[in-house]
Structure formats: structure tokens, C-alpha cells
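Below: the structure, in C-alpha cells.
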Amino acid sequence: DAIPESRGMDLLHIRPAVGPGYRLSRYPFMRPGAVSESEDGTAVAPLMGTLTEPDAGVVGGYVFPNFMIECSSDYTVIFRFTPLSARRTAVRATWLVRAGSEPGRDYDPARVTWFWHTTGEQDWKLCADNQMGVNSSRYAPGPYAPEERETVVPFIAWYLDQLRAGSLQPQRQPEPILI
6 DAIPESRGMD LLHIRPAVGP GYRLSRYPFM RPGAVSESED GTAVAPLMGT LTEPDAGVVG
66 GYVFPNFMIE CSSDYTVIFR FTPLSARRTA VRATWLVRAG SEPGRDYDPA RVTWFWHTTG
126 EQDWKLCADN QMGVNSSRYA PGPYAPEERE TVVPFIAWYL DQLRAGSLQP QRQPEPILI
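This is the structure:
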């Protein structure tokens, strides 16, 4: 099967940028004809910025340990992960649409958030199930999957360095800025 193309960049030739503590990549939508990460693949909000074509694929970025952003032509979603304890993390999701767009007139918030609510619920279930396994008296760590060597292993090394340096101290969380 051919890998779908998006705006002339096929998946085989996209090399993600990976560094200590970050990852940035661009990739096409995997569903033929899709132009957005939405339930039906259609745009769910007006195009962002100066874009004139909806099929821009997705640009995704991660800054470890607590930031993720995914941008398509019609909306952007930002995730902030805040550890609350060794076993709990608060996740804050913020969706951005074109400036001046009005909910109910230009977009339906339920359609904009559907994809990430759906995948988020699946992810949280996986996380909860994994945590139950880690909490088990029968748990034994195993090797990392090859795909995790670029991201997880450097993050763990960074985290352990921070612990050794004593720089991971609890901090008061700032109030959110509403825009």
C-alpha cells in the first residue's frame, strides 16, 4: 500500500526533529481525503492564519516532560501535563481556532474537540491500566520498545539528572490565562 501524501510530502521522507527533551514532526493524515483530525475527516473550523488550503497535514511537537501541541489547518490543541503525585497527573487541554471565530456560528466546539476527547479517553484508560500493573507486587520492569529509545530514554536520563541536582521541587501552579 502506498503511504498517503499531503501537500507533496510523503511520510517516507519526513524526518522528525528529535533532541534532548523535544520532538517535532510533520505528517499527513492517514485517512484518504481527510483534511482534519475530526470524526469524519472534514474541517471543523475556519482555516487558521493565512492558510488557503485545508490539506496541510499535522505538525506535532512535544517538549518533555509536560507539553504537547498538534496543529492542523483548522485547529490546534495544546496539552499540559502537571504531575500531582507519583501516581497522578493533571492534564489540561486547550483548543485554538482562528481568531474572531464564534462558537455556534463558525464552528461547533463538540466537533473541534471530538478527536482528542475520544483518543484521550483511550489513552487515560491505557495509563490507568499500566499504573495498576506497576502498582502490582508482581511488577518487574522490562526493556523499552525500540520506538521509545528516541524519547523515553532521554527523558528518563534528564529526569534522573534533575533529581540528582535537586531541581525538581514542587512549585505553585500559576492561574490560567484566559484569552
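To convert, note that position 176 of the sequence shown is 181 in the working numbering; the numbers rise steadily by one, no gaps. Think of the CB as a built atom: it goes at the ideal place given N, C-alpha and C, for glycine as much as any other residue. Remember, it's a predicted structure, so these values are computed and weren't measured experimentally.
query: Report the option in ARG92, ALA115, ARG85, SER43 whose CA atom is closest to the CA atom of ASP134.; result: ARG92
query: Could you compute how far the alpha carbon of VAL49 sits from the alpha carbon of TYR112?; result: 6 angstroms
query: Give the straight-line distance between the Cα atoms of GLU126 and THR99, rounded to the nearest whole angstrom.; result: 16 angstroms
query: Among GLY138, PRO59, ARG28, which residue has its Cα nearest to the Cα of GLU42?; result: PRO59
query: Identify which residue in TYR80, PHE120, PRO114 has its Cα closest to the Cα of LEU101.; result: TYR80
query: Should SER30 and GLY62 be called a contact, given that it needs their Cβ atoms to be closer than 7 angstroms?; result: no
query: Candidates VAL158, TRP119, ARG154, ASN71: which alpha carbon is nearest GLY46's?; result: TRP119
query: For the region 17–76, list the alpha helix (DSSP H) runs that are entirely contained and at least 4 residues long, ordered along the chain.; result: none
query: Kindly indicate the opening and closing residues of the beta strand (DSSP E) around VAL82.; result: 81–88
query: Alpha carbon to alpha carbon, how far is PRO146 from ASN140? Give it in angstroms, no decimals.; result: 12 angstroms
query: For VAL96, which three-state DSSP category applies?; result: strand
query: Can you check whether the CB of VAL157 is closer than 7 angstroms to the CB of TYR144?; result: no
query: Please report how far the alpha carbon of GLY109 lies from the alpha carbon of ALA115, in whole angstroms.; result: 10 angstroms
query: Can you tell me which residues form a DSSP beta bridge with PRO108?; result: TYR112
query: Let me know if VAL68 comes out buried or exposed under the rule of 16 or more other beta-carbons within 10 Å of its beta-carbon.; result: exposed
query: Tell me the DSSP bridge mates of LEU101?; result: THR81
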